[in-house]
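Q: Residue numbers (our numbering): -6 to 441.
Even glycine gets a Cβ: it sits at the ideal position worked out from N, Cα and C.
Here you go, one structure.
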Amino acid sequence: MSGRGKWGSKVGFILAASGSAVGLGNIWRFPYTVSKNGGALFVLIYLIAVLFIAYPVLIAEVSLGRFSNKNPVGAFKSIKTKGKWKYVGYLGVLTGFMILSYYAVVAGWTVGYFFKALTGKFAKMNNEAATQAYTNFTSNSLLQIILFTAFILLTVYVVSRGVSSGIEKFSKILMPVLFGILLLLLIRSLTMQGASKGLEFYLKPDFSAFKPRVILEAMGQAFFSLSLGMGTMITYGSYVNKRENLPSATAWVAFFDTFIAFVAGLIIFPAVYAAGMQATSGGPGLVFQILPVIFAKMPGGVIFGSLFFLLLSIAALTSTISVLEVPVAFFIDEKKWNRKKSALTVGAITIIFGVPSALSQGGNSFFSKLPLVNKGFLDLWDIIWGNLSLSIGAFFVAIFVGYIWKTSNALLEITKGTEKFKLAFFWMISIKFVSPVLILLIFLGIIL
Ligand code: PHE
C-alpha cells in the first residue's frame, strides 16, 4: 500500500504516540480548562476520567488500528463492511480538519513567543505588561495569519515525508528536554511569593462548586489530551508492529501525558496567584500571560524562556502532525491519493477554516465575540470539535469495540505481543459499560 509505513520499534510508537498526546492540550488547554472549571475538583475528576474512560478507549483505538491496519474510516469498514459505522470514521476525519484549524493558531502563538523570548521582550515583565503584550500580539491580524499559515505548512511538510522518517525523528529528543525545563519552571513557580494559594486552588477540591458541566469538560479534556475520539490513535495504531506489547505501550503514553499536564498546572497556578491574578478568570490566553512573568523572575530567563517556547512549538508540531495524519491516511487509503497530494490538499483547506480562529482574539471584533454565544470563534470551535465531537467519537469507538468487533476479538489483538494483560477484565468492563454509559449520562446531564 503506497504511503503506509510502520514505526521502527516499540519505543518508536511510545514516542510518536506521546508526541501526539503531549502538546498544547497539556500546557495550554489543561491549565485554561482547570481555571474555567474552578480548580482542584476539576483536576480530580479529570484524573478519574483518564483512568476509567480515556485509557480504556486508548487501548481500544490502538488495537483497532493495529488489527485493521487502516485509517479510521477503513478500520470501521474492515470489521463491519455494511452499515453506518464508517460515518464515525468520517466524523473523525472532519474533526481532524477542524481541530487543526484552531490548534495551529495557538501553535503559531508559541512560535511568536519563542521569538519574543529570544529577543529579550520578557525581561522584567510584570503581569499587566504580559497581558498587554498578549493582547497586542493576538490582535495583530496579519501576524496571526502568517504564523498560523506557516505552522500548517510546516506540518504539511513533515507529514508529506511519511511516517517513521518524519514523525518518529521529531519525537525522539524533544520529550526529555521539554520535561527538564518544566521541572526548572516548577521550582521557580513554587518558590514564588503567594504560591501556596495557587496550590490550594489547584489541589484542594471544593465540592460545593460542583456542576455537571465540570464532568463534561474533564472528560472532553481527557480525550483531547490523549488524542482520542477522532481516530488519531487508530491511525497511529495501524503503524504498530504485531510483536509489540500494547497494554504496556499505551500505559506509558497515558502516564506521560497525564503527568505533564499535571505538572503544567502545578507551574501555572502558583504563578497566577503570585502575579496577583484571579485563577478563575483565565481565558485561552492564560499561559501566555503567566509564563513570561515567571521567566522574567528567573535567572537565565531569556535562555530558558526561548528554549521553552521552542520546545512547546515542537510539542505542538508533533501533535498537529498526528491530527493531519488522520485525514491524510484517509485520502491515501480510501481515495488512493499519494501522500504529498493528500497533505497539501488537507493543509490548504485547513488554512481557510483557520482564518476565523486566527482573528478571534482581538483581530476582528465579530469573530472575537460571536453573537448569541458571547465567545470567541476559537473558544467555540474548541468546545464543539475539541470537546463534544471527540466525546461522541469516543462513545462510538467504545460501542463498536465492545459490541460489534467484540471485546473477545479485541483482546486477541491486544495480547498479540504479550502473554499477559492483567487489566483485561477491567478493560472489558470499562469499554462495554463504564465508558459508554458515563459518556451518555454526562451528555444527558448537560442537555437536560
Ligand atoms: N493531544 C493533543 C494535545 O494534547 C491534541 C490532539 C487532539 C492531537 C486530538 C490529536 C488528536 O495537544
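Does Val475 come out as helix, strand or coil in the three-state DSSP assignment?
A: Nothing about residue 475 can be read from this structure; the chain reaches only from -6 to 441.
Q: Hey, which unbroken runs of the beta strand (DSSP E) at 3 residues or more fall wholly within the stretch 291 to 336?
A: List check, beta strand (DSSP E) in window: nothing returned.
Q: Is any non-hydrogen atom of the ligand PHE found closer than 6 Å to the C-beta of Val316, if you look at the structure I gave you?
A: Yes - the ligand PHE has a heavy atom lying nearer than 6 Å to the Cβ of Val316.
Q: Are the Cβ atoms of Ile494 and Met212 separated by less than 7 Å?
A: Coverage of the chain is limited to positions -6 through 441, which leaves residue 494 absent and any answer about it impossible.
Q: Could you pull out every residue in the same chain whose Cβ sits closer than 7 Å to the Cβ of Gln186, ignoring the five residues on either side in sequence?
A: Within the same chain, Gln186 has close Cβ partners Ala267.
Q: Whole angstroms are fine: how far does the CA of Arg236 sit from the CA of Met223?
A: C-alpha separation (whole angstroms): 25 Å.
Q: Can you grab the Cα-Cα spacing for the pair Phe144 / Ser94, in whole Å?
A: In a straight line, the C-alpha of Phe144 is about 10 Å away from that of Ser94.
Q: For Ile314 and Val152, which I take to be in contact (beta-carbon distance under 8 Å), what is that distance rounded to the nearest angstrom?
A: At roughly 6 Å, the Cβ-Cβ gap stays under 8 Å, so Ile314 and Val152 are in contact.
Q: Do the stretch 97 to 117 and the stretch 285 to 292 touch if we need at least three Cβ pairs shorter than 8 Å?
A: With the cut-off at 8 Å, the stretch 97 to 117 and the stretch 285 to 292 touch.
Q: Less than 6 Å between the CB of Leu17 and some heavy atom of the ligand PHE, yes or no?
A: Yes.
Q: Using a threshold of 7 Å, state whether the C-beta atoms of Phe323 and Asn19 are closer than that.
A: No, the pair does not count as a contact, with Cβ atoms beyond the cut-off.
Q: I believe Ala188 touches Ala47 by the beta-carbon criterion, under 8 Å. Please report the beta-carbon distance rounded to the nearest angstrom.
A: Going by Cβ atoms, the distance from Ala188 to Ala47 rounds to 30 Å, so no, they are not a contact pair.
Q: With a CB to CB cut of under 7 Å and the five nearest residues on each side skipped, what residues in its chain are close to Trp420?
A: Counting only Cβ-Cβ distances below 7 Å, and skipping sequence neighbours, we find Pro49 and Ile52.
Q: Ignore the nearest five residues each way along the sequence and tell me which others in Val246's own chain have a CB closer than 8 Å to its CB.
A: Closer than 8 Å at Cβ, skipping near neighbours: Ile7, Ala10, Ser11, Ala14, Leu51 and Leu219.
Q: Does the Cβ of Val81 have 16 or more other Cβ atoms within 10 Å, making it buried, or fewer, making it exposed?
A: So Val81 ends up on the buried side.
Q: Once DSSP output is grouped into helix, strand and coil, what is the label at Asn234?
A: Three-state result, Asn234: coil.
Q: Return the chain-ordered list of same chain residues with a C-beta closer than 7 Å to the C-beta of Ala336, the five sequence neighbours on each side being excluded.
A: Counting only Cβ-Cβ distances below 7 Å, and skipping sequence neighbours, we find Val149, Val152, Ser153, Leu317 and Val321.
Q: Cα-Cα, which of Tyr396, Lys413 and Leu404 is closest to Ser428?
A: The option with the nearest alpha carbon to Ser428 is Tyr396.
Q: Using only the alpha-carbon positions, how far apart do Asn62 and Thr411 sit?
A: One C-alpha to the other measures close to 19 Å.
Q: Heavy atom of the ligand PHE less than 6 Å from the Cβ of Phe217, yes or no?
A: True, at least one ligand heavy atom lies under 6 Å from that Cβ.
Q: At a cut-off of 6 Å, is Ala14 close to the ligand PHE when judged by its beta-carbon and the heavy atoms of the ligand?
A: Yes; taking the cut-off as 6 Å, the Cβ of Ala14 has a heavy atom of the ligand PHE nearer than that.
Q: For Lys70, which of helix, strand or coil comes out of DSSP?
A: DSSP places Lys70 in helix when its eight states are reduced to three.
Q: Are Val98 and Ser306 closer than 7 Å when you measure CB to CB?
A: No, Cβ-Cβ distance for Val98 and Ser306 is not below 7 Å.
Q: Tell me which same chain residues have a C-beta within less than 6 Å of the C-beta of Ser382, skipping the five on either side of it?
A: Here the set comprises Thr88.
Q: Specify, as a first and last residue, the run of the alpha helix (DSSP H) that Ser218 falls within.
A: Looking at the DSSP string, the run of the alpha helix (DSSP H) that includes Ser218 is Pro205 to Ser218.
Q: Based on Cα-Cα distance, which residue from Gly85, Tyr229 and Ser299 lies nearest to Leu175?
A: Selected option, being the one with the closest Cα: Ser299.
Q: Give the C-beta separation of Val27 and Gly230 to the nearest angstrom, bearing in mind that I take them to be a contact with Cβ-Cβ under 8 Å.
A: About 29 Å; that fails the 8 Å criterion.
Q: Give every residue of the same chain whose Cβ lies closer than 7 Å to the Cβ of Leu44, excluding the five residues on either side of it in the sequence, and list them in chain order.
A: Here the set comprises nothing.
Q: Look at the alpha carbon of Ile392 and the alpha carbon of Leu192, and state the distance between them as a whole number of angstroms.
A: Roughly 39 Å separates the two Cα atoms.
Q: What do you get for Gly438, buried or exposed, if any count of 16 or more other CB atoms within 10 angstroms of its CB means buried?
A: Under this definition Gly438 is an exposed residue.
Q: List the endpoints of the continuous alpha helix (DSSP H) containing Glu54.
A: Unbroken alpha helix (DSSP H) run through Glu54: Tyr48 to Ser61.
Q: For Ser56, collect the residues of the same chain with a Cβ closer than 8 Å to its Cβ; drop the 5 residues on either side in sequence, then sort them by chain order.
A: Excluding sequence neighbours, Ser56 sits near Gly230, Leu239, Val394, Ala403, Glu406 and Ile407.
Q: Counting only runs of 4+ residues fully inside the stretch 118 to 172, write out the alpha helix (DSSP H) ranges in chain order.
A: List check, alpha helix (DSSP H) in window: 120 to 131 and 134 to 153.
Q: Just to confirm, is the Cβ distance from Leu183 to Pro263 under 7 Å?
A: Contact flag set, yes.
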